[in-house]
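The numbers in the working numbering rise by one with no breaks, and the one at position 64 of the sequence shown is 954.
Every residue, glycine too, gets a C-beta built ideally from N, C-alpha and C.
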Amino acid sequence: MSLITIFITPKGFDRDHIALIQRNAIRSWKALGEDVDILLIGDDPGVEENAKALGVSHIRDVKRNTSGTPMLDDIFRLARENSDSPLLAYVNADIILKQDFVEISRKVLEQEKKFLLVGQRWDLDVQVDLEFAPGWETGFDKDLAARGRRHPAGGSDYFVYPRDIFTSIPPFAIGRSGWDNWMFYEARVKGWKLINCSKAINIIHQDHDYAHLPNGLPHYRQPESAENVKAAGGKRTIFTLLDCDYELDENGSLHRAPMNKKKLLREMEIFPLVTLKSKTLGDASFALFHPKKAYAEFRNKGNR
């Protein structure tokens, strides 16, 4: 039995650069060894063929919305039902992983029962097929140090969690905004440790355009993103890495997230949501901390 099952609904492999970076990502996951199983879900062009060529598992059928976008709740269900790993990991299909991903995941699992691992990424322009022979990380780290860019803290491109949590997911459209923020929110509301692993796990996002999305617009500007936020329960569920209550340091030691002024104010703001479990009080708290934004929201509702 593997430690982690990584699952993903890839984009179609019918665009050369998207195909290249997705194959790079999946090969990096395979290089993690027997600790990792890999499951591709969906029937977009080339997914089945590439799953076979790369030697990873594949499930063709997945529930889609009226726009044809795969639904996250079904993706998570299929991953759970078709794996026996103690940990499940949703990882974006353009993300290169290194051994620290497995090592940290195992270390946290040995200490904790219910948690969600998330973190920042590095951005890197990759235009060639990468090799993942033994020792590949040394040369790659040098290239990353020379050309890589640290992505601003916000969301996460990976979500690692024990298989007995996140058993109920709202009907989110994959590849659109909102659902990943809800994952943060749900962990905090349920009292599961939301752990920022940015200092301990280094993941690499391979640059790409958004031509695969309708009208070439980024995911956060897609109409389905607004539907995701609605399904999540509204804008108060838009949580980010700032909302992590725990973090791992460079040595992989777990401790409470440091409490600077910004963090303290944010914890005060979300207290009604995560502790009192009240969205009504959460709205009131938001208005108290962000009166201009709250007023703008109120006016926009009145104009509909």
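Can you check the stretch 1105-1189 for any beta strand (DSSP E) of at least 3 residues that lies completely inside it and give the ranges in chain order? 1136-1138, 1144-1146, all fully within the stretch 1105-1189.
Just list the alpha helix (DSSP H) runs in the stretch 978-1036, keeping only unbroken ones of 4 residues or longer that don't cross its boundaries, in chain order. 989-1001
Straight-line gap, His1180 to Met1158 (C-alpha atoms, nearest Å): 13 Å
From Phe903 to Leu1006, what does the alpha carbon distance come to, in whole angstroms? Distance between the alpha carbons of Phe903 and Leu1006 is about 30 Å.
Ile898 to Ser947, Cα distance in whole Å? Using only the alpha carbons, I get a separation of about 11 Å.
In the DSSP assignment, find the alpha helix (DSSP H) that holds Asn955 and state where it starts and stops. Premise fails: Asn955 is in no alpha helix (DSSP H) and is neither H nor E.
When burial is assigned at 16 or more other CB atoms within 10 Å of the CB, is Gln1096 buried or exposed? buried
With H, G and I counted as helix, E and B as strand and the rest as coil, what does DSSP make of Phe903? coil
Applying the criterion that 16 or more other CB atoms from any shown protein chain within 10 Å of the CB defines a buried residue, is Pro1113 buried or exposed? That one is exposed.
Would Pro1162 pass as a contact of Leu1171 if the rule is Cβ separation under 8 Å? Yes. Within cutoff.
Bounding residues of the alpha helix (DSSP H) (the contiguous stretch that carries Leu1084): Boundaries for Leu1084: no alpha helix (DSSP H) harbours it, while the beta strand (DSSP E) harbouring it runs 1083-1086, taken from the DSSP string.
Nearest to Val952 by CA position, among Asn940, Ala969, Lys942, Ala941, is which residue? Ala969
Please state if the CB of Ala1077 and the CB of Leu1084 are separated by a distance shorter than 8 Å. yes
Can you tell me which residues form a DSSP beta bridge with Ala1063? Met961
DSSP three-state call for Ile894: helix, strand or coil? strand
Please classify Arg1039 as buried or exposed, where buried requires at least 16 other C-beta atoms within 10 Å of its C-beta. exposed
Close beta carbons around Asn982, own chain, < 6 Å, minus the five adjacent residues each side: These residues qualify, in order along the chain: Asp1047.
Let me know if Ser957 comes out buried or exposed under the rule of 16 or more other beta-carbons within 10 Å of its beta-carbon. exposed
So, with DSSP's three-state summary, where would you put Ile908? helix
Beta carbon of Ile894 nearer than 8 Å to that of Val926: yes
Of all Cβ atoms in chain B, is any one closer than 8 Å to the Cβ of Leu1138? The chain labelled as chain B is not found in the depicted structure, where only one protein chain is given.
Out of Leu978, Lys1169, Thr959, Ala1174, state which residue places its alpha-carbon closest to the alpha-carbon of Arg996. Leu978
Measuring straight from C-alpha to C-alpha, what distance separates Tyr1136 and Ala1186? 33 Å
Rounded distance between the beta-carbons of Val1008 and Phe1074, thought under 8 Å: That belief holds up - the Cβ atoms of Phe1074 and Val1008 are roughly 7 Å apart, short of 8 Å.
Measure from the alpha carbon of Asp1173 to the alpha carbon of each residue in Thr1130, Lys1125, Thr1028, Pro935, then state which is nearest. Selected option, being the one with the closest Cα: Lys1125.
Given 7 Å as the limit, tell me if Asn1190 has its C-beta closer than that to any heavy atom belonging to the ligand MG. You won't find the ligand MG in this model; it holds no ligand whatsoever.
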